[in-house]
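Asker:
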Amino acid sequence: MKSIMARDRTVIALVALCAALGASAWLAPQWLVFLLAMALAKGLVVLGLLLLMRTGLVSFGQGLYFGLGAYAAALLANRAGIGDAAVMLLAGTACAALVAAVLGLLLARYREIFFAMLSLAFSMILYGLLVKSSTLGSTDGFNLHAKSFAGIALGAADARRVFYGVSAIAVLSVGWALHRYLGSHWGRLSSAIRDNELRVEYLGASVYRVVYVNYLVAAALAGLGGAFAALAVGHVDPETVYWTTSGEFVFIAILAGTGNVLAPFLAAAIFEALRTLASQYAPNVWQMALGGAMLAIIMFLPGGLWTLLKRKPA
Amino acid sequence: MLTVVFDGVVYSSWLFLMAAGLTLIYGVMRILNIAHGSLYAIGAYAAASLGGAWIAGGQAVWATYVALALSALAVGLLMGPLIERGLLRWMYGKDEIVLLLVTYALFLVLEDAIKLVWGVESKMFSEPYALLGNFQLGGLAYPAYNLVLIAVAVLTGVVLSWVLHRTRQGKLLLAVIHDREVSAAMGINVSRFYLATFTGGAVLAALGGALTAPVIAVSPGIGVEVIVLSFAVVVIGGLGSLGGAALGALMVGLLRSLAVRYWPEGELFVIYMVMAGVLILRPKGLFSQPEARRI
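See below:
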């Protein structure tokens, strides 16, 4: 067992990243902590997309679960008066998973462009509801605050760092779990489904069930990411559900590639850093740079940035 | 009730102009073109600039209608071949979903290109709209410009279906839509039809934008909302079907005006509910034709 762990570079990298992020929670300036928190939140959503893409599916509606997670957390804080961040994160995840458990029954039958379109339609339905619901603040959304984290009271700015540090560890544990999942029987079936669905059926495995479970996991991850982002920003609005948000996740996923569970976090960090820089220095060509980068990756680096890091097999 | 229907038909006409191009491009090239929304926005900007310049130059207001048509044509004929030959041509043969992502990237690029060319301030260009005045319907005053919109949409639909079903080139195009490989094997120059279809679609998108320019404040981001609505329309009607696009546009337009009248909160909700409903019950859309089986 020990020798297996020692050989798995991904686990080593995850542990190192965990330590680095934990340290940065104490040492880094506030803006960097925020940037890293957003990168982790979006990385989680993209991690879910990675799982779907391994199965050969691209969802243009992950904003649905991102927004659901965010709104579930925010409503809990704002309406139910529960101010514990850990509860909010769990609620966001559970809410997204519940909705996905129902919608997944339908979506698991769809492929390609129809999967993308139906997931887009579902997310736009929620958007249509949120934009027009005045009790939830319509297009403006509303604010939320976490008062404690797993029972520990959060007060001053330092306490936010506790929240961020602990969350970073939690998020990376999720990454580790997914890494294990991808290496497992079901994880390997996913790639097989992408390559040839019919053959998987002939082998006696249920394609429908694998797609359904993967969809559920991706939605739960997006819900967790949404709740996490809502806590980091302290605000939710319908933009979290809009198709441009979903498109952003797809973009980060393309940037990352599906090679490794670390890739989404890496890509999300690059994305957030570039966005922060661009909003300061070049707000009007930011999207153009994104689009150009995306085209370049699709044409010349279809495996994503991760393929640059991967060693060529000896 | 009459007013609800009229509102719906006006909205449908506008949707149809967008959706017709989108659905044809998908039918022929299997590309669900997100950048269609950008072409719409560029059409609107071009019309507002050209029309505004003509009026500033002392031209009569009626002449701005020529400006609308001209700018749509110019944008379509310039951008269509540029995008198809310059970018999409290199992508053929990839998965539909990858092509979707390519047009998404293109959409991002064009959104900022618009900002660079026209700036971020919104442009007003309401002269053609004001010129025609109002008419009375059901006790309410309606801008007569809406009738222009309906007329153009109907004309577009008639011309397109005439070309598709009555001309040689149109029939060849239908053959390409039905089965690209066999068409190519029969000696049809498929790549020429790709170029023609994409350019035609671009002209339609730009026309939709140009005709909308007098009604709205032309500002960055107008293409973002339009494109999801057009997606809803073509998905409801059936991807690749012109009749489907017309039916989808009518359904969405009427639904929206009904919702605006009786349940304003549900305006967007009902449209996407129908889109999801159609995808669930008839994934290939209401007007889908049986596909040729490939072995």
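Protein sequence lines, in the order shown, are assigned to chains D and C. Here this note's numbering is used: the first residue of the first sequence is 2, the next is one more, and so on. Here this note's numbering is used: the first residue of the second sequence is 1306, the next is one more, and so on. The C-beta atom is built at its ideal place from N, Cα and C for all residues, glycine as well. Source: prediction; values computed, not measured.
How is A1365/C classed by DSSP in three states: helix, strand or coil?
Answerer: Residue 1365/C sits at position 60 when you count from the first residue of the second sequence. In the structure shown, A1365/C sits in coil (DSSP, three-state: anything other than H, G, I, E or B).
Asker: Between M1491/C, E1401/C, G1513/C and G1444/C, which has its C-alpha nearest L1454/C's C-alpha?
Answerer: The sequence position of residue 1454/C within the second sequence is 149, counting from 1. The shortest Cα separation from L1454/C among M1491/C, E1401/C, G1513/C and G1444/C belongs to G1513/C.
Asker: Just how far apart, CA to CA, sit L1406/C and V237/D?
Answerer: For the purposes of this step, residue 1406/C is taken as residue 101 along the second sequence, with counting starting at 1. For the purposes of this step, residue 237/D is taken as residue 236 along the first sequence, with counting starting at 1. If you take the alpha carbons of L1406/C and V237/D, they lie about 27 Å apart.
Asker: For the alpha helix (DSSP H) holding N215/D, just list the boundary residues, first then last.
Answerer: In the first sequence, residue 215/D corresponds to position 214, counting from 1. Taken as a continuous stretch (DSSP letters only), the alpha helix (DSSP H) holding N215/D covers V208 to V234.
Asker: Does I271/D get closer than 8 Å to chain C when you measure Cβ to Cβ?
Answerer: As a first step, residue 271/D must be located in the first sequence, where it is residue number 270. With 8 Å as the cut-off, I271/D does not count as an interface residue toward chain C.
Asker: Which residues mark the beginning and the end of the beta strand (DSSP E) in which Q1441/C is found?
Answerer: One-based indexing of the second sequence puts residue 1441/C at position 136. Unbroken beta strand (DSSP E) run through Q1441/C: N1439 to L1442.
Asker: Rounded to the nearest angstrom, how far is the Cβ of I1336/C from that of L1404/C, given a contact under 8 Å?
Answerer: Stepping through the second sequence from its first residue, residue 1336/C is reached at position 31. Stepping through the second sequence from its first residue, residue 1404/C is reached at position 99. Right, their Cβ atoms sit about 5 Å apart.
Asker: May I ask you to verify whether the region 1316-1334 of chain C touches the region 1471-1487 of chain C, counting CB pairs closer than 8 Å and requiring at least 3?
Answerer: Short answer: they touch.
Asker: Thinking just about the alpha-carbon of each residue, which of Y1434/C, H1341/C and I1347/C is nearest to the one in Y1370/C?
Answerer: Here residue 1370/C refers to the residue found at position 65 of the second sequence. Of the candidates Y1434/C, H1341/C and I1347/C, the one whose C-alpha sits nearest the C-alpha of Y1370/C is Y1434/C.
Asker: Below 7 Å between beta carbons is the criterion; list the residues of the region 1539-1550 of chain C that meet it against any residue of chain D, in chain order.
Answerer: So the close ones are V1540.
Asker: Buried or exposed: where does L1426/C fall if 16 or more other Cβ atoms within 10 Å of its Cβ makes it buried?
Answerer: One-based indexing of the second sequence puts residue 1426/C at position 121. The amino acid at residue 1426/C is misidentified as Leu; the sequence shows Glu. That one is exposed.
Asker: Which residues in chain D have a C-beta closer than 9 Å to the C-beta of M1578/C? List them in chain order.
Answerer: In the second sequence, counting from the first residue as 1, residue 1578/C sits at position 273. Simply A122, I126 and G129.
Asker: Taking 8 Å as the threshold, find out whether the region 200-215 of chain D comes into contact with the region 75-90 of chain D through three or more Cβ pairs.
Answerer: No: fewer than three Cβ pairs fall under 8 Å.
Asker: For the region 237-265 of chain D, which residues have a CB atom closer than 9 Å to at least one CB atom of chain C, in sequence order?
Answerer: Taking 9 Å as the Cβ-Cβ cut-off against chain C, the residues of the region 237-265 of chain D that qualify are Y243, W244, T245, G248, V251, F252 and I255.
Asker: Work out the CA separation of T1517/C and G1342/C for me, nearest whole Å.
Answerer: Within the second sequence, residue 1342/C is the residue found at index 37, counting from 1. Within the second sequence, residue 1517/C is the residue found at index 212, counting from 1. Taking the straight line joining both Cα atoms gives about 13 Å.
Asker: For R10/D, count the other beta carbons within 10 Å of its own beta carbon; 16 or more makes it buried, fewer makes it exposed. Which is it?
Answerer: For the purposes of this step, residue 10/D is taken as residue 9 along the first sequence, with counting starting at 1. It is exposed - the Cβ of R10/D has fewer than 16 other Cβ atoms within 10 Å.
Asker: What does DSSP give as the partner residue(s) for V201/D in the beta ladder?
Answerer: Here residue 201/D is taken as the residue at index 200 of the first sequence, counted from 1. Per DSSP, none; premise fails for V201/D.
Asker: Using 8 Å for Cβ pairs, my map puts G1571/C next to T1328/C. What's the rounded Cβ distance?
Answerer: Sequence index remark: in the second sequence, residue 1571/C carries index 266 (1-based). Sequence index remark: in the second sequence, residue 1328/C carries index 23 (1-based). Contact doesn't hold; Cβ gap of about 26 Å is too wide.
Asker: Any C-beta of chain C sitting closer than 8 Å to the C-beta of I114/D?
Answerer: The sequence position of residue 114/D within the first sequence is 113, counting from 1. Yes, I114/D lies at the interface with chain C (some Cβ there is under 8 Å from its Cβ).
Asker: Do T1308/C and L1460/C count as a contact pair if the criterion is CB distance below 8 Å?
Answerer: The residue given as residue 1460/C occupies position 155 in the second sequence. The residue given as residue 1308/C occupies position 3 in the second sequence. Cβ distance not < 8 Å, so L1460/C and T1308/C don't count as in contact.
Asker: Can you find a C-beta in chain C that's less than 8 Å from the C-beta of K3/D?
Answerer: Within the first sequence, the letter at position 2 stands for residue 3/D. Only weak support is given to the placement of K3/D: the predicted model assigns it a pLDDT of 47, under 50, and the question is left unresolved by the model.
Asker: On the DSSP bridge assignment, give the partners of P1448/C in chain order.
Answerer: Taking the first residue of the second sequence as 1, we reach residue 1448/C at position 143. Its beta-bridge partners are N1439/C.
Asker: Please confirm whether G258/D and L291/D have their CB atoms less than 8 Å apart.
Answerer: Translated into positions along the first sequence, residue 258/D becomes position 257. Translated into positions along the first sequence, residue 291/D becomes position 290. Cβ atoms of G258/D and L291/D: not closer than 8 Å.
Asker: Just to confirm, is the Cβ distance from A1554/C to F1311/C under 8 Å?
Answerer: Position 249 of the second sequence, counted from the start, is the residue given in the question as residue 1554/C. Position 6 of the second sequence, counted from the start, is the residue given in the question as residue 1311/C. No.
Asker: Please decide whether Q31/D counts as near chain C, where near means a Cβ-Cβ distance under 8 Å.
Answerer: As a position in the first sequence, residue 31/D is number 30, starting the count at 1. Q31/D does not count as touching chain C.
Asker: With P265/D as the anchor, note down where its alpha helix (DSSP H) starts and where it stops.
Answerer: Numbered from its first residue, the first sequence carries residue 265/D at position 264. Taken as a continuous stretch (DSSP letters only), the alpha helix (DSSP H) holding P265/D covers L263 to Y282.
Asker: Is D196/D helix, strand or coil when you go by DSSP?
Answerer: For the purposes of this step, residue 196/D is taken as the residue at position 195 of the first sequence. Correct three-state label for D196/D: helix.
Asker: Could you tell me if L204/D is buried or exposed, where buried requires 16 or more neighbouring beta carbons within 10 angstroms of its beta carbon?
Answerer: Residue 204/D sits at position 203 when you count from the first residue of the first sequence. By the 10 Å Cβ count, L204/D comes out exposed.
Asker: Does DSSP put F1536/C in a helix, a strand or coil?
Answerer: By 1-based counting over the second sequence, the position of residue 1536/C is 231. It is helical.
Asker: Would the region 176-191 of chain D count as touching the region 273-286 of chain D if we require 3 or more Cβ pairs under 8 Å?
Answerer: Touching, no.
Asker: When burial is assigned at 16 or more other CB atoms within 10 Å of the CB, is F235/D buried or exposed?
Answerer: For the purposes of this step, residue 235/D is taken as the residue at position 234 of the first sequence. Strictly speaking, residue 235/D in this sequence is Gly, with Phe absent from that position. Exposed.
Asker: Taking only the alpha-carbon atoms, compute the straight-line gap between L36/D and G226/D and give it to the nearest angstrom.
Answerer: For the purposes of this step, residue 36/D is taken as residue 35 along the first sequence, with counting starting at 1. For the purposes of this step, residue 226/D is taken as residue 225 along the first sequence, with counting starting at 1. Rounded to whole angstroms, L36/D to G226/D spans 14 Å at the Cα level.
Asker: Between the region 23-41 of chain D and the region 240-256 of chain D, do three or more beta carbon pairs fall short of 8 Å?
Answerer: At 8 Å Cβ cutoff, the stretches do not touch.
Asker: For Y1567/C, report the span of its alpha helix (DSSP H) as first-last.
Answerer: Against the second sequence, residue 1567/C aligns to sequence position 262. Element bounds for Y1567/C: L1547 to Y1567.
Asker: Using the three-state DSSP reduction, which class does F143/D fall into: helix, strand or coil?
Answerer: As a position in the first sequence, residue 143/D is number 142, starting the count at 1. F143/D: strand per DSSP, three-state reduction.
Asker: Sort out for me which residues DSSP pairs K1428/C with in a bridge.
Answerer: The residue you call residue 1428/C lines up with position 123 of the second sequence. Looking at the DSSP assignment, K1428/C forms a beta bridge with V1523/C.
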